[in-house]
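Here's the structure we're looking at; comments come further down.
Number of protein chains: 2
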Amino acid sequence: MPQPRNEERRRALADAAIAILAGQGSHHLTHRTVDRRAGVPAGTTANYFPQRDDLLDAAARRIVELSVTDMTTAAAPTQTGPPSRPDLAGLLGDSLFAAATVLRERYLAIYELLLEATRRPRLAETLATLSESTVQSTLALHRELGLGTTRAQVEAMVTLYGGALYALVTGPGAETITRDQTRALARAIVTGVLGD
Amino acid sequence: MPQPRNEERRRALADAAIAILAGQGSHHLTHRTVDRRAGVPAGTTANYFPQRDDLLDAAARRIVELSVTDMTTAAAPTQTGPPSRPDLAGLLGDSLFAAATVLRERYLAIYELLLEATRRPRLAETLATLSESTVQSTLALHRELGLGTTRAQVEAMVTLYGGALYALVTGPGAETITRDQTRALARAIVTGVLGD
DNA sequence: TTGAAGGTACAACGATCGTTGTAGTTTCGC
DNA sequence: GCGAAACTACAACGATCGTTGTACCTTCAA
Numbered sequence: 001m002p003q004p005r006n007e008e009r010r011r012a013l014a015d016a017a018i019a020i021l022a023g024q025g026s027h028h029l030t031h032r033t034v035d036r037r038a039g040v041p042a043g044t045t046a047n048y049f050p051q052r053d054d055l056l057d058a059a060a061r062r063i064v065e066l067s068v069t070d071m072t073t074a075a076a077p078t079q080t081g082p083p084s085r086p087d088l089a090g091l092l093g094d095s096l097f098a099a100a101t102v103l104r105e106r107y108l109a110i111y112e113l114l115l116e117a118t119r120r121p122r123l124a125e126t127l128a129t130l131s132e133s134t135v136q137s138t139l140a141l142h143r144e145l146g147l148g149t150t151r152a153q154v155e156a157m158v159t160l161y162g163g164a165l166y167a168l169v170t171g172p173g174a175e176t177i178t179r180d181q182t183r184a185l186a187r188a189i190v191t192g193v194l195g196d
Numbered sequence: 197m198p199q200p201r202n203e204e205r206r207r208a209l210a211d212a213a214i215a216i217l218a219g220q221g222s223h224h225l226t227h228r229t230v231d232r233r234a235g236v237p238a239g240t241t242a243n244y245f246p247q248r249d250d251l252l253d254a255a256a257r258r259i260v261e262l263s264v265t266d267m268t269t270a271a272a273p274t275q276t277g278p279p280s281r282p283d284l285a286g287l288l289g290d291s292l293f294a295a296a297t298v299l300r301e302r303y304l305a306i307y308e309l310l311l312e313a314t315r316r317p318r319l320a321e322t323l324a325t326l327s328e329s330t331v332q333s334t335l336a337l338h339r340e341l342g343l344g345t346t347r348a349q350v351e352a353m354v355t356l357y358g359g360a361l362y363a364l365v366t367g368p369g370a371e372t373i374t375r376d377q378t379r380a381l382a383r384a385i386v387t388g389v390l391g392d
């Protein structure tokens, strides 16, 4: 066999699916629209992901892959110095800003998929790994910073972070988001959950 | 003319549309599925809301109507005593619990519509009134409680509240939500935004 | 060089979509 | 009562949907 499965093309199709989810919504995510967006002959997507469920799951798995890559590379260059609480809020605020602007498309797709996962156990399972990875990665970061944050606290922060991001990404004026705004939200999240 | 427009039937169709949005998602919201859900002859929904856009907007306007009704009736029986900060967090926590359980269907529909509003200015405008009403009502409540909360603070709290609700409503185990959990989230929101 | 296996392109199925048109029915001003 | 106006039911349009089947092509083990 040439390749067991054409992974490159699978990735391209999944990326096209993500772009459609963010740009047109799950209502317009079909085999044929993915074909057109990816610039492949009609029927290609149906060959790779015969059921619509397969297509949704492929988009979700691609998003998990992208997010995990981002998390591991972002965790790498943290210097070993002892950054304190304000740094944490600043870090979180900048992360929130980036997520709401540069990564807006990806998160719009995530929120589409999360809603769909309400009725699709398979999707829910795939996306659960994303949530778990985020908690794990955040917990590791806090440990690295010498903070004694508990898992429950991290989960609360992740919940509030993801929620605030939803509001930012879907809210009016998604182009008018400022770093001050996201920093204020992050500060509220950090002090609200961690105290002080 | 009998009635200028059959408001009762419009309401029934909008309610059916909301139920479908929450239960099957916007992908399955069609004229015909609304007909079936509402138990009316095929074609009825298309008569009342000829374009799909009209149907989405009708669902959104119905949700605004229901929510505003809830807010005004909930604001009524507040005794004039001076409840303090912990009461506020408790109030918000209980409200969060109710929203995530009894009102879960409505909020699932809202989050579907908010995502759709990203590409439909008309929907965005309708839903903006819901957000504005919530802020206004919350601001009035805080004034009534003798708290000097600013509009920016209320907006931050509403953002975090709506976001936390999204996580609760879409997250795994939507049936395992506890009042302790929502109270803890509410406390974090209140202290995070208001300080202390 | 051959053959099996998987990748690829494309046609086609019935079902459903969004939308429009058109007869019948009901209601109320006159 | 009578007629206009709105409500109602239903048929139908072309387009697209999800899905399946089928030929052709490429690649590599034998």
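Residue numbers (this note's numbering), protein chains in the order written: chain A, 1 to 196; chain P, 197 to 392.
Beta carbons: idealized from backbone N, C-alpha and C, even for Gly.
A quick note: this is a predicted structure, and the numbers were derived from the prediction, not measured.
Consider the Cβ of residue i: report whether some Cβ of chain A lies at a distance smaller than 9 Å.
i               : result
G388 of chain P : yes
Q247 of chain P : no
T355 of chain P : yes
T314 of chain P : yes
A360 of chain P : yes
T325 of chain P : no
L223 of chain P : Looking at the sequence provided, one finds His at residue 223 of chain P rather than Leu. It does; some Cβ of chain A falls within 9 Å.
Q332 of chain P : no
L311 of chain P : yes
G235 of chain P : no
L364 of chain P : yes
I385 of chain P : yes
A212 of chain P : no
A352 of chain P : yes
M197 of chain P : Because the pLDDT of M197 of chain P is 35, which lies under 50, any placement of that residue in the model is unreliable, and the number read from its coordinates should be weighed accordingly. No, M197 of chain P lies away from the interface with chain A (no Cβ there is under 9 Å from its Cβ).
Could you confirm whether any beta carbon from chain P is found closer than 9 Å to the beta carbon of residue i?
i               : result
H142 of chain A : no
T44 of chain A  : no
G171 of chain A : yes
G148 of chain A : no
L185 of chain A : yes
A124 of chain A : yes
R179 of chain A : no
Which same chain residues, not among the five before or five after residue i, have their C-beta less than 6 Å away from its C-beta?
i              : result
H31 of chain A : T45 and A46
D87 of chain A : none
Using a Cβ-Cβ cut-off of 8 Å (strictly less than) and excluding sequence neighbours within five positions of residue i, which residues of its own chain qualify?
i               : result
A296 of chain P : Y303, L361, L364, V365, A370, I373 and T378
R206 of chain P : Y244 and A254
Q3 of chain A   : Because Q3 of chain A carries a pLDDT of 40, less than 50, the predicted location of this residue cannot be relied on, and the following value inherits that uncertainty. Taken in chain order, the list of residues that qualify is empty.
Any heavy atom of the ligand FMN closer than 8 Å to the Cβ of residue i?
i               : result
L341 of chain P : Annotation note on the ligand FMN: not contained in the displayed structure, which lists no ligands.
For residue i, which residues from the same chain have a beta carbon less than 7 Å from its beta carbon, with the 5 sequence-adjacent residues on both sides left out?
i               : result
A256 of chain P : L309, L319, T322 and L323
*Which residue spans inside the region 256 to 341 of chain P form an unbroken beta strand (DSSP E) run of at least 3?*
Counting only unbroken stretches of 3 or more residues, no beta strand (DSSP E) element lies wholly within the region 256 to 341 of chain P.
*Identify each residue in the region 83 to 113 of chain A for which the Cβ-Cβ distance to at least one residue of chain P is less than 8 Å, and report them in chain order.*
Answer set for the region 83 to 113 of chain A: L108, Y111 and E112.
*Considering only residues of the region 146 to 188 of chain A, which uninterrupted beta strand (DSSP E) runs meet the minimum length of 3 residues and lie entirely inside it, listed in chain order?*
Counting only runs of 3 or more, we get nothing.
*Can you check the region 18 to 57 of chain A for any alpha helix (DSSP H) of at least 4 residues that lies completely inside it and give the ranges in chain order?*
Runs found: 31 to 38 and 44 to 48.
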